[in-house]
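Q: Got a structure here, written out as structure tokens. Questions coming.
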Amino acid sequence: MKFQKDNLFVQGSPDVTKQMEGGDTWVFAQRALANVELDCSDCNFFEVGPKHGLHTVLVDAHNPKSITCVEGPNKLRSNERYLRENRMWIPHIKTEKFEVHYQDFDRFVSEEKYDLIFYAGVIYHNINQIGQLQRLYDLAADGAYMIFESSTTRSEDLMDKNIVEIHYPPYSPADRAQTCVFHPSKLACKSMLDITGWDVIETSDEHEDISNPNRINILCRKGTPRKNRHLTDENLKDPNA
Numbered sequence: 145m146k147f148q149k150d151n152l153f154v155q156g157s158p159d160v161t162k163q164m165e166g167g168d169t170w171v172f173a174q175r176a177l178a179n180v181e182l183d184c185s186d187c188n189f190f191e192v193g194p195k196h197g198l199h200t201v202l203v204d205a206h207n208p209k210s211i212t213c214v215e216g217p218n219k220l221r222s223n224e225r226y227l228r229e230n231r232m233w234i235p236h237i238k239t240e241k242f243e244v245h246y247q248d249f250d251r252f253v254s255e256e257k258y259d260l261i262f263y264a265g266v267i268y269h270n271i272n273q274i275g276q277l278q279r280l281y282d283l284a285a286d287g288a289y290m291i292f293e294s295s296t297t298r299s300e301d302l303m304d305k306n307i308v309e310i311h312y313p314p315y316s317p318a319d320r321a322q323t324c325v326f327h328p329s330k331l332a333c334k335s336m337l338d339i340t341g342w343d344v345i346e347t348s349d350e351h352e353d354i355s356n357p358n359r360i361n362i363l364c365r366k367g368t369p370r371k372n373r374h375l376t377d378e379n380l381k382d383p384n385a
């Protein structure tokens with residue numbers, strides 16, 4: 145099933161959808177994947193950090209060949225809150241080939257290659273940002289698409305720079321990931337994707353109703369990773385081009 149622009153909304157309401165955590169990504173993904181005419185029925189889908197399953201449910205509605213999710217192990221064991229959240233969405237997934245692996249993504253191993261990847265709300269909690277994008281590149285099939293989403297720096301002095309802002313010690317509350325928080329600028333997000341071989345196709349900044357100065361959604365496609373560690377004017381592409 146192909147994606148269609150603004151076709152599905154939570155409770156049938158654009159406003160309700162946009163107010164939810166991850167709602168803007170729901171809207172952006174449908175529009176961007178419709179623009180590239182992606183047929184989800186041809187896709188093995190992979191997601192890092194499904195959390196409450198909002199985006200998994202969206203992809204499931206488009207009849208993918210398979211769904212594979214990797215989630216933090218703390219969201220399965222000894223945490224009643226996450227157990228309740230899991231029961232709200234996991235039983236409703238209709239895709240027959242459906243797996244959720246409760247383990248650190250850095251330890252996930254698969255011989256499968258994935259045609260559509262969602263990596264939303266994850267990168268800024270991780271120390272190894274480039275490494276995770278490289279792992280996603282390795283897991284992706286040739287020509288695979290990825291929906292990337294990240295919170296971005298709140299500092300007005302840094303917003304227009306190609307920079308990653310470090311918060312340490314972390315400011316996250318006790319029920320969130322206790323890691324250093326590496327807050328990239330929007331330009332840094334594009335640069336990290338470009339370095340690891342992901343070609344930027346479209347961003348949420350091109351959509352007035354979901355553009356956000358503090359977050360960015362990006363549709364990218366697997367291309368060719370940058371091999372030269374010492375970037376020069378001759379081989380450096382402008383991420384805004």
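Under the working numbering, read the sequence shown as residues 145 to 385, first letter to last. No residue lacks a Cβ here, since even glycine has one placed at the ideal position from N, Cα and C.
Would residue 388 and residue 260 qualify as a contact pair, given that the criterion is a beta-carbon distance under 9 Å?
A: This structure gives no information on residue 388, because the portion of the chain shown stretches from 145 to 385.
Q: So if DSSP puts residue 347 in a beta bridge, which residue, or which two residues, is it bridged to?
A: Looking at the DSSP assignment, residue 347 forms a beta bridge with 362.
Q: When you compare the CB positions of residue 360 and residue 293, do they come within less than 9 Å of one another, or not?
A: In this structure, residue 293 lies closer than 9 Å to residue 360 by Cβ.
Q: Go to residue 259, then tell me how far its beta strand (DSSP E) extends in each direction, as first and last residue.
A: 258–264 is the span of the beta strand (DSSP E), which, as asked, contains residue 259.
Q: Are the C-beta atoms of residue 195 and some chain D residue less than 9 Å apart?
A: Of the protein chains in the structure, only one exists, and it is not chain D.
Q: Which word fits residue 310, buried or exposed, when buried means at least 16 other C-beta atoms lie within 10 angstroms of its C-beta?
A: It is exposed - the Cβ of residue 310 has fewer than 16 other Cβ atoms within 10 Å.
Q: Relative to the alpha-carbon of residue 331, which residue among 193, 289 and 302 has its alpha-carbon at the smallest distance?
A: Of the listed residues, the one whose Cα sits closest to residue 331 is 302.
Q: Does the separation of the CB atoms of residue 264 and residue 366 fall below 9 Å?
A: No, they are not a contact pair.
Q: In the DSSP assignment, find the unbroken beta strand (DSSP E) run with residue 286 in it and report its ends.
A: Start and end: 284–295.
Q: Determine the contact status of residue 211 and residue 191, defining contact as a CB-CB distance below 9 Å.
A: Their beta carbons are under 9 Å apart, which means residue 211 touches residue 191 by this criterion.
Q: Taking the alpha-carbon positions, what's the residue 127 to residue 358 distance?
A: Within the shown structure, residues of the chain are numbered from 145 to 385, placing residue 127 beyond reach of any answer.
Q: I'd like the ranges of any beta strand (DSSP E) spanning at least 3 consecutive residues and lying wholly in the region 185–222.
A: Whole beta strand (DSSP E) segments, 3+ residues: 188–192 and 210–215.
Q: Looking only at DSSP bridge pairs, what is residue 309 linked to?
A: For residue 309, which the question treats as bridged, DSSP gives the partners 327.
Q: How about residue 175 and residue 159: do their beta carbons lie closer than 9 Å?
A: The answer is no: Cβ separation not under 9 Å.
Q: Buried or exposed for residue 185, please, with buried defined as at least 16 other CB atoms from any protein chain shown within 10 angstroms of its CB.
A: Its Cβ having fewer than 16 others within 10 Å, residue 185 is exposed.
Q: My understanding is that residue 206 touches residue 147, with C-beta atoms under 8 Å, so please give their C-beta distance in whole angstroms.
A: That belief holds up - the Cβ atoms of residue 206 and residue 147 are roughly 6 Å apart, short of 8 Å.
Q: Please go through the same chain and pick out, in chain order, the residues whose beta-carbon is closer than 6 Å to the beta-carbon of residue 183, but skip the five residues on each side of it.
A: Result list for residue 183: 146, in chain order.
Q: Determine the DSSP secondary structure at residue 242, reduced to helix, strand or coil.
A: Note: residue 242 maps to strand in three-state DSSP.
Q: Leaving out the 5 sequence neighbours to the left and right, which residues in its chain are closer than 6 Å to residue 157 when beta-carbon positions are compared?
A: Closer than 6 Å at Cβ, skipping near neighbours: no residue.
Q: Using a 10 Å radius around the Cβ and a threshold of 16 neighbouring Cβ atoms, would you call residue 327 buried or exposed?
A: Counting Cβ neighbours within 10 Å, residue 327 comes out buried, since at least 16 surround it.
Q: Where residue 299 and residue 172 are concerned, what is the direct C-alpha to C-alpha distance, given to the nearest angstrom?
A: Those two C-alpha atoms are separated by around 24 Å.
Q: Where does residue 270 land, buried or exposed, given buried means 16+ other C-beta within 10 angstroms?
A: Label assigned to residue 270: buried.
Q: DSSP on residue 179, reduced to helix/strand/coil?
A: Helix.
Q: Compare the C-alpha of residue 161 against each of 249, 369, 198 and 179 and name the closest.
A: It is 198.
Q: Under a Cβ-count criterion, where at least 16 other Cβ atoms within 10 Å of its own Cβ denotes burial, should residue 194 be classed as buried or exposed?
A: It is buried - the Cβ of residue 194 has at least 16 other Cβ atoms within 10 Å.
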